[in-house]
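In the numbering used here, the protein residues as written are 4 to 235.
Worksheet for the structure shown next.
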């Protein structure tokens, strides 16, 4: 897992997904989780990390750097002595190649992919990016929309802010929580084509807290989304 592979692998995932979608067109957390946050219809969020083995955000390769050198990326990212710096330093004991800046870049890309796949009802894409518990919640919301004949049309304007708020290793699982503030244009239409929610021209701000996780014992460098929460 090399840090130079981090963004490359994410772009590769995105490229493969886009290729598969184009080919199709051209050819013709604990059991107490609530349904996930729907940016297009206010709902409670899925809470609690899942235990799925697949992951979504790719880590850099582990290296053998010792001493304080291995903390250089951590100290450049979070001020030494702060709770975040301390937690990231603890995490790097389990994952020496972890780079918070590269992780955050990958998390931003994953966020956009997940939000747009959710709006489009793209279960295949979501399956590769979400833990089992979170996927079940998303699929429930999508199925409800489809049963009512509703269609969501959405434009991802961009991410205004993204920051790591918490990092922890629990039961051999790395868990990193990211606060993301993004802007969306979204509108929901009923089966007759009438607007029932949102605005096709209005930009809406969405504030989320998403938690990604991976098993530190696994050779799989990828992460998956294991919990979502609206950030009030």
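By construction, the Cβ of each residue, glycine as well, lies at the ideal position given by its N, Cα and C atoms.
Note that the coordinates shown come from a computational prediction; the quantities given were computed from them, not determined experimentally.
Neighbourhood of residue i by C-beta, 7 Å cutoff - its chain only, sequence neighbours within 5 removed
i	result
residue 54	With a pLDDT of only 39 at residue 54, under the threshold of 50, the placement of this residue in the model should not be trusted; the figure read from the coordinates follows. No residues qualify anywhere along the chain.
residue 234	182, 210, 211 and 212
Residue i beta carbon near the ligand GTP (any heavy atom closer than 7 Å)
i	result
residue 125	The ligand GTP is not part of this structure, which contains no ligands at all.
CB contact flag (residue i, residue j, <8 Å)
i	j	result
residue 207	residue 189	yes
residue 137	residue 229	yes
residue 180	residue 212	yes
residue 166	residue 186	no
residue 170	residue 94	yes
residue 152	residue 194	yes
residue 157	residue 122	yes
Beta-ladder partner(s) of residue i, from DSSP
i	result
residue 226	DSSP lists no partner for residue 226.
residue 211	183 and 233
residue 166	182
residue 198	192
residue 237	Because the chain spans 4 through 235 in this model, residue 237 falls outside it and cannot be assessed.
residue 176	173 and 218
residue 154	192
Coarse secondary structure for residue i, derived from DSSP in three states
i	result
residue 98	coil
residue 221	coil
residue 203	strand
Nonlocal neighbours in the same chain, by C-beta distance under 6 Å from residue i, ignoring five residues either side
i	result
residue 115	159
residue 26	Unreliable placement is indicated for residue 26, whose pLDDT of 40 sits below 50; the coordinate value is still reported in the next sentence. Hits under 6 Å: none found.
residue 176	216 and 218
residue 97	172 and 219
residue 111	162 and 165
residue 57	Interpretation of residue 57 is limited by its pLDDT of 42, a score under 50 that renders its predicted location unreliable; no figure is taken from the coordinates.
residue 191	43, 153, 155, 199, 200 and 201
Chain-order list of residues whose beta-carbon lies under 8 Å from that of residue i (same chain, five-residue window excluded)
i	result
residue 78	88
residue 92	74 and 77
residue 204	188
Contiguous beta strand (DSSP E) assignments of at least 3 residues, all confined to the segment 74 to 128: Correct list: empty.
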